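Engineer:
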Amino acid sequence: RAAKSISDKIFDSCGWTQRRGALLSPFLHQISPRSRTLFSETGVWEKDYRTETRRKVEEWWHPRIMAHFMVIYLIPHKKKFYVLSMFPYPSGRLHMGHVRVYTISDTIGHFQKMRGHQVLNPMGWDAFGLPAENAAIERGLDPEDWTKSNIQSMREQLDTLGLCFNWDREVTTCLPDYYRWTQYLFIKLFEAGLAYQKEAVVNWDPVDQTVLADEQVDENGHSWRSGALVEQKLLTQWFIKTTNYAKPLLDALQDLPEWYGVKAMQANWIGECTGCYFDFKLKVNGKETGETLSAYSSSPETVYGAAYLAILPSHRLLHGSSSVRSALQEAFQPGRDSLTDITAHNLFTGREVPLVISHKETFDDYLDTVVGVPDCNEEDLSVARALNLSWTSVLKTHEDGTQTLINSEEFSGLTREQAFNSITQKAKEQKVGGYLTSSKLRDWLISRQRYWGTPIPVVHCGSCGPVAVPEEELPVTLPKLPSITGKGASPLEAAHDWVNCKCPRCKGPARRETDTMDTFVDSAWYYFRYTDPHNAYRPFERHLADHWLPVDVYIGGKEHAVMHLYYARFLCHFCKDQGLVAHREPFRKLLVQGLIKGQTFKLAGSGQYLKREEINFTDKEPVALSGGRVEVTWEKMSKSKHNGLDPQDVVQQYGVDTVRLYILYAAPPEQDILWNAKTDALAGVLRWQSRLWQLVTKLRAARQLGDVPNPRLLKKKELAEAKKIWENKNYAIQEVTTHFTEDFLFNAAISRLMGLTNTLSSATVRLLQHSVEFEEALAALVMMTAPMAPHLASELWAGLCQVKQPLSPILQHGGDVLQQSWPTVDPEYLEVPDFVELSVLINNKSCGMVTVPVQVSKDTSRVQQLVLESPVGQKFLSERNIKRAILSPRTALINFLVDE
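Residue numbers (UniProt numbering): 1 to 900.
Structural data, given as structure tokens:
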């Protein structure tokens, strides 16, 4: 009854679908430690781990493991651990890359639960965006219907993989209860002056008919999604002023652990934050035009010495709808610096400088407007002299080479460094610039001229200008459209009743903004929503976000290491400044995973991809059946390249646990996996599973022999063997725990467990009968395997816990393996002696012992030197040619290979 009560609470609180409840409810009465296991159902433990055994094991344990995950989650007063994998776009089909990232997060989640932590491992859907819209257009469907259908399909696929997510935390970015709060955060940015609209030359995708951010255009000028050659257009767009946070985002990287090179990528993306922007009001003939222009200064401390403002010939002021456009065009002389009749009033210094159209096509990096200061730049000096401009000198150089400011009002007399800090700080306080940023970083362009995205919650009023929709009127929901063409203006323009509205401020006629937000805005804050996904009053409660954040491990592809990660970090910094959260950085550790690549076959010359059945493999080199040489490469899996794999087909063939172990064992997470069923990795994990099964089989058989287990019956040699097992067990626990917590080298963890398996496999029958060390080592081995192969380990544990007359209390605790505490190193193992006795072998034959300090016992060159200096070395090795010295990583032994 208690178990049933818990299960009722799970489903009531989690809001799982009826399908999911129907799947698990028949098993929930069996969650208790008294539940019948696979082998006890028949009364017989199968001696071999065959394909049919594996299938029955996974069928039995699959629903139980998922139910246990939820039950344990509800236990209060546990230390938190937030493991987050990047949520997928709901395309409708999982690919092997999904399987890899979610296997890693699932493994970490199970491990941390066994360590006693309360684990949050949520899942959701990055559900807005062009792919769904384009698919809906092609099929004549509503994007919402298409997306929801895909989500349902992918949820079912995730279930078949045995992945344990906290489905009660599920978020879907295209649902109003989510994007309501995306709009709320946009309004907060708007009110803080960080969301703004301006005319800009933008990247236009002629195929997808939408704007692209600079990051969404590849180095050859093609769209990241459609592949089309990107065009340049002048459009009024919405931006988020991420440049204001450039310096804090750059500095905060110093306090984060290394992220597989991602920190360097982030730092390079941001650039050196040595300058800032200042705001200027433009005037024509002394009259203000209402236009504000931000200009970059690489030396903010010299701003009082500005001689002019320079813009590029491609600047929006010359080509857009600006009120100064005609005056600029009249003054513009191609190929030379052009002095205009327009002046720019510096809102910080109060001084006016002329506006100049530069002869250059580009400034440094990505700038289009700069402040010219002759005192600190030879090129600026040359321009000012050529145009006969006047300026104020602001630098005084002293005999020792230092420089101080002059003619700079209250900043005069300060050193350049002092003035730099004071001027930028005051400009920020006055809200006229001063935020340190780099010359290469641009603000985040978020406008998209598409339908399937979060509506921007702004109305445009002829009297009031752009006005944010009041928070109480959120969400601004997407209107239903009879059809979406994907051509021309934003599809939302067609929703006339939706577009035409009243101004929230003056109640006069107004029009809604018809651009939608880039999907990167939705994914910039989803890690917050997971902490409080059903909150109908705010995006999240601060105490819940503060409890779970920062994310302890964030897992995803390295392709998101710049854009997504930068935007997510920015929004977290902003939320901290708004008092919404306590943490400035959202992620503690980042775990990037490589691709899973499949073998591709291309016709040499044409590059046409071929299917495997279209190739003749009988000769040394493959040849196309149609004729022609074939190039064999490894590429990211794709249907178009005929090298993809359906995860469900792979699981059907090999089993969930085998696929999980292969993915974890084939390569470290950050490296690519070349999927090949014939490789040693797959064969290796298949053999290892069988060997684990055999160890439990052997122990059960040994305890059937009739002798009462009694460690006192072990002889000296057997006691030494038992000690070796004890040492190897502790060494494995130490190493595997480190791999799970520090470097995430799951392949190395599996190798260490395979090593422990080898040690246990060589144990004598007497040890199996009478050794508590063997029993506890095998228990630890099964427990450490459990996060990676939970179905197999669960059955092994059930068989292990029902051996006759167990010696260890570990096997008497009850509960399934994933409910056990993660094994810890025995305290006496940590009491390391200062010296270790090392066996010396020559060509695999023992010739003596040498004592070496523990701190150098793993250093081959030092150990070799100490052995050669010892009496044993002098006697047996002094006159022999040593070809190689092999220091065992597991036992105290060094083997010298010498010429006979």
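Ideal Cβ positions, reconstructed from N, Cα and C, are used throughout, including at glycine.
All figures in this text were calculated on a predicted structure; none of them were measured in a lab.
Run the CB neighbour count on asparagine 203, radius 10 Å, all protein chains shown included, and call it buried at 16 or more, exposed below.
Structural biologist: buried
Engineer: For tryptophan 444 and glutamine 593, I'd like the C-alpha separation in whole angstroms.
Structural biologist: 26 Å
Engineer: So, for proline 26: in the same chain, excluding its five sequence neighbours on each side, which residues have a beta-carbon less than 6 Å away from its beta-carbon?
Structural biologist: Unreliable placement is indicated for proline 26, whose pLDDT of 39 sits below 50; no coordinate value is reported for it.
Engineer: Any idea if leucine 866 is buried or exposed, counting beta-carbon neighbours within 10 angstroms, 16 or more meaning buried?
Structural biologist: buried
Engineer: For valine 119, name the three-state secondary structure that DSSP assigns.
Structural biologist: strand
Engineer: In chain order, which continuous runs of the beta strand (DSSP E) of length 3 or greater are located wholly inside the UniProt domain "Leucyl-tRNA synthetase editing" (268 to 427)?
Structural biologist: 275 to 284, 287 to 297, 308 to 311, 338 to 346, 352 to 357, 369 to 372, 395 to 397 and 403 to 405
Engineer: Going by DSSP, name the residue or residues bridged to methionine 517.
Structural biologist: Ser447
Engineer: Based on the DSSP secondary-structure assignment, which residues constitute the bridge partners of histidine 460?
Structural biologist: Pro466 and Arg511
Engineer: Only counting runs of 3 or more residues, tell me where the beta strand (DSSP E) segments fall wholly within the stretch 739 to 821, in order along the chain.
Structural biologist: If we require 3 residues or more, the stretch 739 to 821 turns out to have no beta strand (DSSP E) run fully inside it.
Engineer: In or out: leucine 768 buried (at least 16 other Cβ within 10 Å) or exposed?
Structural biologist: The residue is buried, with at least 16 neighbouring Cβ atoms inside 10 Å.
Engineer: Return helix, strand or coil for methionine 849, following the three-state DSSP convention.
Structural biologist: strand
Engineer: With respect to the beta strand (DSSP E) encompassing glutamine 237, which residues constitute its N-terminal and C-terminal limits?
Structural biologist: 231 to 240
Engineer: Who are asparagine 895's beta bridge partners in DSSP?
Structural biologist: Leu841 and Ile886
Engineer: Which one of Pro466, Asp497 and Ala468 has the shortest CA to CA distance from proline 479?
Structural biologist: Selection Pro466, Asp497 and Ala468 evaluated against proline 479 yields Asp497 as nearest (Cα-Cα).
Engineer: Report the option in Val44, Ile750 and Gln689 whose CA atom is closest to the CA atom of arginine 54.
Structural biologist: When each option's Cα is compared against that of arginine 54, the closest is Gln689.
Engineer: Buried or exposed: glutamate 513, going by 16 or more other Cβ atoms within 10 Å of its Cβ?
Structural biologist: buried
Engineer: One question on the structure: do aspartate 826 and valine 854 come within less than 8 Å of each other, judged by their Cβ atoms?
Structural biologist: no
Engineer: Closest to arginine 752 by CA distance: which of Glu735, Ala763, Val201 and Lys804 is it?
Structural biologist: Glu735
Engineer: If we count the other Cβ atoms within 10 Å of its Cβ and call it buried at 16 or more, is serine 314 buried or exposed?
Structural biologist: exposed
Engineer: I need the straight-line Cα distance from leucine 580 to cysteine 273, nearest angstrom please.
Structural biologist: 27 Å
Engineer: Under 6 Å Cβ to Cβ from glycine 598, same chain only, skipping five residues before and after it: list those, please.
Structural biologist: The beta carbon of glycine 598 sits closer than 6 Å to the beta carbons of Met637, Asn643 and Trp675 from its chain, once the five residues preceding and following it are set aside; these are given in chain order.
Engineer: Just to confirm my understanding: we take residue 938, look at its own chain, exclude 5 residues before and 5 after, and list those with CB closer than 6 Å. What are they?
Structural biologist: Outside the modelled stretch of the chain, which goes from 1 to 900, sits residue 938, for which no answer is possible.
Engineer: Since serine 861 is in the alpha helix (DSSP H), which residue starts that stretch and which ends it?
Structural biologist: 860 to 869
Engineer: Could you tell me the alpha carbon to alpha carbon distance between asparagine 730 and alanine 701, rounded to whole angstroms?
Structural biologist: The straight-line gap from Cα to Cα measures roughly 26 Å.
Engineer: With a cut-off of 8 Å, do at least 3 Cβ pairs link the stretch 782 to 791 to the stretch 96 to 116?
Structural biologist: yes
Engineer: On the premise that serine 439 lies in contact with alanine 566, defined as a C-beta separation below 8 Å, what is that separation, rounded to the nearest angstrom?
Structural biologist: Sequence check: residue 566 is tyrosine here, not alanine. Going by Cβ atoms, the distance from tyrosine 566 to serine 439 rounds to 17 Å, so no, they are not a contact pair.
Engineer: Could you give the uninterrupted runs of the alpha helix (DSSP H) lying entirely in the stretch 638 to 677, keeping only those of 4 residues or more?
Structural biologist: 647 to 654 and 656 to 665
Engineer: Could you give the residue range of the beta strand (DSSP E) that holds arginine 588?
Structural biologist: 587 to 593
Engineer: Excluding five sequence neighbours on each side, which residues of the same chain lie with their C-beta closer than 7 Å to the C-beta of glutamine 578?
Structural biologist: The beta carbon of glutamine 578 lies closer than 7 Å to those of Lys188 in the same chain, with the five residues before and after it left out.
Engineer: Helix, strand or coil for valine 476 per DSSP?
Structural biologist: Coil.
Engineer: Do you know how far the Cα of tyrosine 179 is from the Cα of histidine 110?
Structural biologist: Those two C-alpha atoms are separated by around 31 Å.
Engineer: Going by DSSP, what residue range makes up the alpha helix (DSSP H) through aspartate 552?
Structural biologist: Run containing aspartate 552: none in the alpha helix (DSSP H); it sits in the beta strand (DSSP E), 551 to 557.
Engineer: So, for residue 907: in the same chain, excluding its five sequence neighbours on each side, which residues have a beta-carbon less than 6 Å away from its beta-carbon?
Structural biologist: Within the shown structure, residues of the chain are numbered from 1 to 900, placing residue 907 beyond reach of any answer.
Engineer: How about tryptophan 45 and threonine 737: are their beta carbons less than 8 Å apart?
Structural biologist: One thing to note: tryptophan 45 has its Cβ no nearer than 8 Å to the Cβ of threonine 737.
Engineer: State the Cα-Cα distance for the pair alanine 510 and isoleucine 456, rounded to the nearest angstrom.
Structural biologist: When rounded, the separation of the alpha-carbon atoms in alanine 510 and isoleucine 456 is 15 Å.
Engineer: Helix, strand or coil: which one does DSSP assign to threonine 243?
Structural biologist: helix
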